[in-house]
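Sequence positions in the sequence shown follow this note's numbering and run 927 to 1041. From the three backbone atoms N, C-alpha and C, an ideal C-beta is built for every residue, glycine too. Data first, discussion second: the structure below is written as structure tokens.
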Amino acid sequence: QVQLVESGGGSVQPGGSLRLSCAAFGSISSINAMGWYRQVPGKEREPVAHIPTGSRINYADSAKGRFTISRDNTKNTVYLQMNSLKPEDTAVYYCYVTWSAHTVWGQGTQVTVSS
């Protein structure tokens, strides 16, 4: 059984930074991709950043130029460095990992951007 453990969420003022981490524990043969989505109440979950193995990183338009996704394959961990945060970035952020035909989601971590 694979579990994802997220950390790094919190409250920050506009213009501030946060770094989210997501570690995958369990038996994963070969990761295809890891990434992040976010969700606000009453809205659908939306993609933020996606880092596939051996292919190009993808960012949502809202994340381009401000967010950076990275992976440590030795630790099965994905990171999301978020800079120049805006109030509209407030959401619950969920990480995911895909391998073979499986996808597992993290429990979510709250990010609040407010003055």
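Going straight from the alpha carbon of glutamine 1102 to that of serine 996, what length do you get?
-> Past the edges of the chain, shown from 927 to 1041, lies residue 1102, and the structure says nothing about it.
Verify whether the separation of the beta carbon atoms of glutamine 939 and alanine 1017 is less than 8 Å.
-> no
Using DSSP with H/G/I as helix, E/B as strand and the rest coil, what is proline 973?
-> strand
Just the Cα atoms here: how many angstroms apart are threonine 979 and glutamate 1014?
-> 30 Å
Can you give me the start and stop residues for the beta strand (DSSP E) that alanine 949 sits inside?
-> 944–951
Of the listed residues Lys1001, Phe951 and Gln1036, nearest to glutamine 927 (C-alpha basis) | Phe951
Please classify proline 978: does DSSP put it in a helix, a strand, or coil?
-> strand
Taking Cβ positions, are proline 967 and alanine 986 nearer each other than 8 Å?
-> no
For aspartate 987, which three-state DSSP category applies?
-> coil
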